[in-house]
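K.L.:
Here the sequence shown is numbered in the numbering used here, starting from 169 and rising by one per residue.
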Amino acid sequence: MNHRTPLLRLAVPNYVALLSGVLTGIVDVAWVARLGPSPVAAVAVATGVENALLGIVLLISGGVTVRLAAALGAGDTHTGRDRPGGATAGGATAGGEAGALAVIRAGWRLYLVITPVVVLAGTALRGTLAGAFLADPGAARLAGAYLAVLFPGVAIFYAQQVVDAIFAGRGDTRTPMRLALTANALILVLDPLLIYGAGLGVTGAALATAAGRAVALTGGLVRLHRGRPGGRLRPDAALPVRAVARTGAPIAGDFLVRMAGALVLLAVVGRHGVAAVAAYGIGLKVLYFATMGFYAIRNAATIHTPRTLSARPGQRAAIGRQVLTLALVAGIGASALFAGFAPLIMRLFTADRAVAAAGVLFLRCVGGYLVPIAAVIGLAGFLMAAGRGARLFAVTVAGTALQTLLALWLPARLGLPGVWLAMALAAVFQLLLVLASANLRDHPAAAAEGGGPVGTEAVKPAVSRSRRSAGDRPERAPR
């Protein structure tokens with residue numbers, strides 16, 4: 169059976185949506201790169217920190233999306249558009265609206281608890297964070313200036329994530345994409361005005377991002393207000409705060425583990441000088457054009473797998489093999505493009521010879537990482553849809569631990585290329601573990617294991633991936 173066509177139909181539009189969340193960082197690096205290596209290194213560190221901050225809010229957004237979408241799927245909420253002619257059942261509507269509002273309010277309550285802690289702690293520790301990743305005092309000072317704007321802006325960033333989660337939980341994935349495009353368009357205009365026109369440098373880049381997100385957040389809140397249900401939450405209705413947090417915890421945990429590994433790599437690269445950090449920052453932004461494609465394949469697999477297995481349980485192995493094929497083709501193609509066009513790509517972002525040389529080396533070596541990690545990411549969607557999220561989290565922890573150990577050991581013998589080798593070896597290790605868990609061979613035991621109705625645990629990750637397709641890209645670099 170051909171699964172590639174439906175997978176591609178799901179993946180291609182999802183890829184376009186995911187890229188909208190990456191363009192902000194690409195635009196920033198392009199503008200800041202003209203200021204020199206130190207500003208680029210500062211922005212690279214700051215955006216790496218923000219990546220980790222995204223993992224924290226996934227506890228809220230992931231939980232809200234899954235809980236709200238699950239309630240809608242179970243018929244807990246019935247709006248006028250759910251029934252022909254707008255007819256609703258009064259009792260069911262009242263109870264459903266109360267349930268939906270309870271999930272949404274639980275999300276906002278978690279937001280009010282978590283956000284002030286992150287903002288205050290981050291603002292107080294911004295200098296320490298900058299110095300931990302940058303040995304150069306000038307670059308560390310610039311990173312601290314960026315973080316001085318970034319951490320107060322977390323209140324906007326987190327609120328936008330919650331708003332997007334509410335839309336996604338209701339089945340609306342287009343509105344978050346439009347909001348992301350709006351923010352990116354504003355940043356595209358504000359970046360040169362604030363960085364160069366107002367002479368604010370990297371601080372201007374941070375302000376541009378905060379302003380663009382604030383406008384998008386305002387638009388999202390207005391749309392939520394216009395489309396909110398007419399019911400009210402009963403005074404005695406329990407807010408499922410723990411349920412939302414419990415559902416979002418695995419999503420946040422997986423992301424935070426990967427981002428922690430990325431920050432360790434950034435710190436190791438920082439030992440090789442400002443030019444190396446700047447090149448690494450540029451290279452990572454470029455890689456998002458490939459990795460977002462990998463995540464689009466994963467999201468497509470998460471959606472397609474449970475739908476197909478509910479009717480054709482014997483297709484489990486076939487789906488996994490075709491997901492693996494698509495992911496490997498994407499990884500090999502991206503690796504070839506980056507290796508062949510590495511000098512041209514770096515010239516687009518920097519005129520500094522040292523930064524360009526380090527960046528070209530990175531893009532030509534990174535293929536050893538991209539190919540296996542593409543397969544890991546693609547098969548992750550397939551396995552999550554089959555209810556094996558716990559195993560995947562264990563693979564992530566093991567792979568990140570190995571990558572950290574190798575990144576600390578290999579550069580002492582191989583220099584900067586040792587970091588790229590550590591990434592590749594850890595990705596291959598993860599792929600071997602994922603393949604062992606996926607068991608893509610056709611035999612009765614595998615068919616029986618993958619067959620049958622897709623359970624609740626398998627459905628929830630699929631809903632979560634639908635949310636991410638709206639622009640909330642895992643492991644993306646928001647800025």
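Ideal Cβ positions, reconstructed from N, Cα and C, are used throughout, including at glycine.
So what does DSSP say about residue 526, is it helix, strand or coil?
P.N.:
Locating residue 526 in the sequence shown gives position 358, counting from the first residue. The answer is helix: DSSP assigns residue 526 an H, G or I state.
K.L.:
Quick check: residue 572 and residue 426, are their CB atoms within less than 8 Å of each other?
P.N.:
As a first step, residue 572 is located in the sequence shown; it is residue number 404 there, counting from the start. As a first step, residue 426 is located in the sequence shown; it is residue number 258 there, counting from the start. No, the pair does not count as a contact, with Cβ atoms beyond the cut-off.
K.L.:
What are the boundary residues of the alpha helix (DSSP H) that includes residue 490?
P.N.:
As a working mapping, residue 490 is identified with position 322 in the sequence shown. It spans 484–508 - the alpha helix (DSSP H) in which residue 490 sits, taken as one unbroken run.
K.L.:
When you compare only the Cα positions, how much space is there between residue 273 and residue 333?
P.N.:
Working through the sequence shown from its first residue, we reach residue 273 at position 105. Working through the sequence shown from its first residue, we reach residue 333 at position 165. Spanning the two alpha carbons is a distance of roughly 12 Å.
K.L.:
State the DSSP-derived secondary structure class of residue 619, mapped to helix, strand or coil.
P.N.:
Reading the sequence shown from its first residue, position 451 is the one you call residue 619. Note that residue 619 scores 42 on pLDDT, short of 50, meaning its location in the model is unreliable; the coordinates nonetheless yield the value given after this. Here residue 619 sits in coil by DSSP.
K.L.:
If distances are taken between C-alpha atoms only, which option among 434, 519, 276 comes closest to residue 230?
P.N.:
The sequence position of residue 230 within the sequence shown is 62, counting from 1. Considering only alpha carbons, the answer is 276.
K.L.:
Among 576, 570, 200, 588, which one has its Cα closest to the Cα of residue 376?
P.N.:
Residue 376 sits at position 208 when you count from the first residue of the sequence shown. Residue 376 has its Cα closest to that of 200, out of 576, 570, 200, 588.
K.L.:
If we count Cβ pairs, one from each stretch, closer than 8 Å, do we get three or more for the region 212–232 versus the region 313–329?
P.N.:
With a cut-off of 8 Å, the region 313–329 and the region 212–232 count as touching, because enough Cβ pairs lie within range.
K.L.:
Curious, which full-length beta strand (DSSP E) runs of at least 3 residues does the region 349–381 contain?
P.N.:
Here no run is fully enclosed.
K.L.:
By DSSP, does residue 418 sit in helix, in strand, or in coil?
P.N.:
Locating residue 418 in the sequence shown gives position 250, where the first residue counts as 1. Three-state DSSP puts residue 418 in a helix.
K.L.:
For residue 535, which option in 411, 331, 505, 522 has the closest C-alpha, if you only look at C-alpha atoms?
P.N.:
As a position in the sequence shown, residue 535 is number 367, starting the count at 1. Residue 505 is the option with its Cα nearest to residue 535.
K.L.:
For residue 198, collect the residues of the same chain with a Cβ closer than 7 Å to its Cβ; drop the 5 residues on either side in sequence, then sort them by chain order.
P.N.:
On the sequence shown, position 30 is the one that residue 198 refers to. Around residue 198: 517.
K.L.:
What residue does the alpha helix (DSSP H) around residue 296 start on, and which one ends it?
P.N.:
Here residue 296 refers to the residue found at position 128 of the sequence shown. From DSSP, the alpha helix (DSSP H) with residue 296 extends over 294–301.
K.L.:
To the nearest angstrom, how far is the alpha carbon of residue 208 from that of residue 370?
P.N.:
Start at 1 with the first residue of the sequence shown, and residue 208 comes out as number 40. Start at 1 with the first residue of the sequence shown, and residue 370 comes out as number 202. Computed Cα separation, rounded: 9 Å.
K.L.:
What did DSSP end up calling residue 411 once you bin it into helix, strand or coil?
P.N.:
By 1-based counting over the sequence shown, the position of residue 411 is 243. Of the three classes helix, strand and coil, the one that applies to residue 411 here is helix, per DSSP.
K.L.:
In the DSSP assignment, the alpha helix (DSSP H) including residue 596 goes from what residue to what residue?
P.N.:
By 1-based counting over the sequence shown, the position of residue 596 is 428. Looking at the DSSP string, the run of the alpha helix (DSSP H) that includes residue 596 is 585–606.
K.L.:
For residue 232, I'd like the list of residues in its chain whose CB is within less than 8 Å of its CB, leaving aside the five on either flank, ordered along the chain.
P.N.:
Indexing the sequence shown from 1 puts residue 232 at position 64. 271, 272, 274, 275, 330, 333, 334, 337, 412, 416, listed in sequence order.
K.L.:
Under the three-state reduction of DSSP, which class applies to residue 169: helix, strand or coil?
P.N.:
As a working note, residue 169 is residue 1 in the sequence shown. Coil at residue 169, not helix or strand.
K.L.:
Could you name the residues of the same chain whose beta carbon sits closer than 6 Å to that of residue 586, not counting the 5 residues immediately before and after it, in chain order?
P.N.:
As a first step, residue 586 is located in the sequence shown; it is residue number 418 there, counting from the start. Counting only Cβ-Cβ distances below 6 Å, and skipping sequence neighbours, we find 578, 579.
K.L.:
Suppose you measure from the CA of residue 184 to the CA of residue 284; what does that come to, to the nearest Å?
P.N.:
Translated into positions along the sequence shown, residue 184 becomes position 16. Translated into positions along the sequence shown, residue 284 becomes position 116. Their Cα atoms are separated by approximately 33 Å.
K.L.:
When DSSP labels each residue in this structure, what does residue 515 get in the three-state scheme?
P.N.:
Along the sequence shown, read from residue 1 onward, the residue named residue 515 stands at position 347. Residue 515 falls in the helix class under three-state DSSP.
K.L.:
Give the straight-line distance between the Cα atoms of residue 444 and residue 269, rounded to the nearest whole angstrom.
P.N.:
For the purposes of this step, residue 444 is taken as residue 276 along the sequence shown, with counting starting at 1. For the purposes of this step, residue 269 is taken as residue 101 along the sequence shown, with counting starting at 1. Taking the straight line from one Cα to the other gives about 49 Å.
K.L.:
Would DSSP call residue 440 helix, strand or coil?
P.N.:
Here residue 440 corresponds to residue number 272 of the sequence shown, with the count starting at 1. Correct three-state label for residue 440: coil.
K.L.:
Select from 502, 511, 574 the residue whose C-alpha is nearest the C-alpha of residue 539.
P.N.:
Taking the first residue of the sequence shown as 1, we reach residue 539 at position 371. Measuring from the Cα of residue 539, the nearest candidate turns out to be 502.
K.L.:
Rounded to whole angstroms, what is the Cα-Cα separation between residue 473 and residue 597?
P.N.:
For this step, residue 473 is matched to residue 305 along the sequence shown. For this step, residue 597 is matched to residue 429 along the sequence shown. The straight-line gap from Cα to Cα measures roughly 25 Å.
K.L.:
What are the boundary residues of the alpha helix (DSSP H) that includes residue 480?
P.N.:
For the purposes of this step, residue 480 is identified with residue 312 of the sequence shown, where counting begins at 1. Here residue 480 belongs to no alpha helix (DSSP H), and DSSP marks it neither H nor E.
K.L.:
May I ask you to verify whether the region 525–533 touches the region 478–496, counting CB pairs closer than 8 Å and requiring at least 3?
P.N.:
Too few Cβ pairs lie closer than 8 Å, so no.
K.L.:
Quick one: what does DSSP say residue 204 is sitting in, helix, strand or coil?
P.N.:
What you label residue 204 is simply residue 36 of the sequence shown in a count that begins at 1. In this structure, residue 204 counts as coil in the three-state DSSP scheme.
K.L.:
Three Cβ pairs or more, each shorter than 8 Å: is that satisfied between the region 296–309 and the region 359–369?
P.N.:
No, they do not touch.
K.L.:
Please classify residue 609: does DSSP put it in a helix, a strand, or coil?
P.N.:
Reading the sequence shown from its first residue, position 441 is the one you call residue 609. Residue state, collapsed to three classes: coil.
K.L.:
Specify, as a first and last residue, the run of the alpha helix (DSSP H) that residue 338 falls within.
P.N.:
Residue 338 sits at position 170 when you count from the first residue of the sequence shown. No alpha helix (DSSP H) holds residue 338; DSSP gives it neither H nor E.
K.L.:
Excluding five sequence neighbours on each side, which residues of the same chain lie with their C-beta closer than 6 Å to the C-beta of residue 191?
P.N.:
One-based indexing of the sequence shown puts residue 191 at position 23. If we look at residue 191 and ignore the five residues flanking it on each side, its Cβ neighbours are 352.
K.L.:
If distances are taken between C-alpha atoms only, which option among 315, 225, 173 comes closest to residue 278?
P.N.:
Residue mapping note: residue 278 aligns to position 110 of the sequence shown, counting from 1. That would be 225, whose Cα lies nearest to the Cα of residue 278.
K.L.:
Run through DSSP, which three-state label would residue 242 get?
P.N.:
Reading the sequence shown from its first residue, position 74 is the one you call residue 242. Confidence at residue 242 is low in this model, with a pLDDT of 45, below 50, so its placement is unreliable and the value that follows should be read with caution. It is coil, neither helix nor strand.
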